[in-house]
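Engineer: Using the UniProt record's numbering, you'd call the opening residue of the sequence shown number 1 and step up by one each time.
For each residue, glycine too, the CB sits at the ideal point set by N, CA and C.
What you are looking at is a predicted structure, and each value in this text was computed from that prediction instead of being measured.
The structure's right below; bear with me while I get my questions together.
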Amino acid sequence: MSRTRRSLRATLPLAAALSAALVLAGCGSDAKPQVTWSAGEATQTIGPAQYCDLKMKDCSNDEAAQARLAVPAGTPVEVTVPDEVSEAPWSVVFSYTGADGQRTDGRSPVFAPNAQTSYTLTLPEPGDVLGTAQVQLLGAAPVANPDTGELDYPARATWVLVAQQ
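This is the structure we're talking about:
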């Protein structure tokens with residue numbers, strides 16, 4: 001057997017193993033989409049606090065996954081989502097305290113798949129103070145809440161912002 005043929009035989013298994021490793025590395029990636037929150041000059045990018053597969057069967061939680069930004073009253077918050085999020089319906093839910101001390105919950109519109117990758121959260125009054133906000137990646141079809149009759153949108157994943165004063 002020639003030396004060239006022996007070298008080729010030794011190289012082929014190595015090349016095949018490297019190719020397989022690269023394919024498996026791409027397929028088995030546990031990387032989850034990152035969302036970016038910005039308020040004024042501060043920006044923070046985080047992973048999801050809760051993330052489920054497409055069937056909403058395999059879910060993971062990371063309670064430490066929270067953006068914490070200074071958000072003075074009247075400061076808009078810009079949220080930017082990656083393609084993995086914007087390719088499905090998504091929305092932003094939030095709570096804030098008004099000048100009267102009353103806590104109020106709100107929600108952005110539900111954004112259609114591939115419609116947009118960012119949203120600016122602006123509270124109704126300049127003195128309103130943001131408490132928390134969440135990007136919600138919507139999963140399964142909405143279901144009617146038997147108690148209220150309203151539609152509930154199950155969230156497949158959430159990214160959390162905790163506003164600090």
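Is the region 143–157 close to the region 121–133, with three or more CB pairs under 8 Å?
Structural biologist: no
Engineer: According to DSSP, is S108 helix, strand or coil?
Structural biologist: coil
Engineer: To the nearest angstrom, how far is the alpha carbon of A99 from that of S118?
Structural biologist: 28 Å
Engineer: Tell me, please, whether the region 34–43 touches the region 66–85 by the rule of three or more beta-carbon pairs shorter than 8 Å.
Structural biologist: yes
Engineer: Just to confirm, is the Cβ distance from S108 to E78 under 8 Å?
Structural biologist: Not a contact, by the Cβ cut-off of 8 Å.
Engineer: Could you please give the first and the last residue of the uninterrupted alpha helix (DSSP H) stretch that includes E84?
Structural biologist: D83 to S86
Engineer: Within 10 angstroms of the Cβ of R156, are there 16 or more other Cβ atoms? Answer buried if so, exposed if not.
Structural biologist: buried
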